[in-house]
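Residue numbers for the sequence shown follow the working numbering, so the first one is 7 and each next one is one higher.
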Amino acid sequence: MRSRVAGVRRRDRHGRGLRGPLTPPQAPVSRTRAERFADLVEDEVRRLGTRWSRELARVEFAVEEVPGVEPLFDGPVPLGQTLPGDGGRPVRIVVYRRPVEARAAGEAELSQMIRDLLVEEVADLLGLSPESVDPSYDTPDD
Numbered sequence: 007m008r009s010r011v012a013g014v015r016r017r018d019r020h021g022r023g024l025r026g027p028l029t030p031p032q033a034p035v036s037r038t039r040a041e042r043f044a045d046l047v048e049d050e051v052r053r054l055g056t057r058w059s060r061e062l063a064r065v066e067f068a069v070e071e072v073p074g075v076e077p078l079f080d081g082p083v084p085l086g087q088t089l090p091g092d093g094g095r096p097v098r099i100v101v102y103r104r105p106v107e108a109r110a111a112g113e114a115e116l117s118q119m120i121r122d123l124l125v126e127e128v129a130d131l132l133g134l135s136p137e138s139v140d141p142s143y144d145t146p147d148d
């Protein structure tokens with residue numbers, strides 16, 4: 007007779023082993039949200055780089071989960087930030103994944119928010135208007 011601990015479930019119910027992945031690793035559905043987000047950022051950086059490659063040659067783009075915020079911080083959580091380069095380090099534009107995802111209603115809005123955020127950060131860095139950096143920039147309604 008086999009004893010069973012209450013509340014413990016076994017995944018190998020019929021002795022056939024654990025289930026394997028349902029999709030191959032190269033399939034888009036098997037990518038994590040963080041990987042898909044990084045892909046959206048990378049696509050947008052590549053798009054901006056086609057027009058501004060010389061100006062952005064020494065700019066590093068990164069994705070981080072959340073911004074480092076002071077404990078008594080009472081303002082809105084930033085979606086992105088441009089960090090100045092010092093020493094031999096390049097200027098760094100960071101997109102914060104969790105705050106952006108929290109504000110986006112769907113995949114299309116997420117993509118648009120990433121586009122607008124990067125256009126605004128690059129425009130600020132270059133001292134230009136967002137519309138001159140990207141003519142398709144959509145100014146949000148205020």
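Ideal Cβ placement from N, Cα and C applies to all residues, glycine included.
Bridge pairing for residue 67: 99 [DSSP]. Rounded to whole angstroms, the Cβ separation of residue 70 and residue 102 is 6 Å, and the two are in contact under 8 Å. Residue pairing from DSSP places residue 89 in a beta bridge opposite 98. The beta carbon of residue 106 sits closer than 6 Å to those of 85, 119, all from its chain and outside the five residues before and after it, given in chain order. Leaving aside the five residues that flank residue 137 on each side, the residues in its chain whose CB is nearer than 6 Å to its CB run, in chain order, 143. When DSSP states are grouped into helix, strand and coil, residue 136 belongs to the helix group. Residue range 39-58 is occupied by the alpha helix (DSSP H) that includes residue 47. In this structure, the beta-carbon distance from residue 96 to residue 65 falls below 9 Å.
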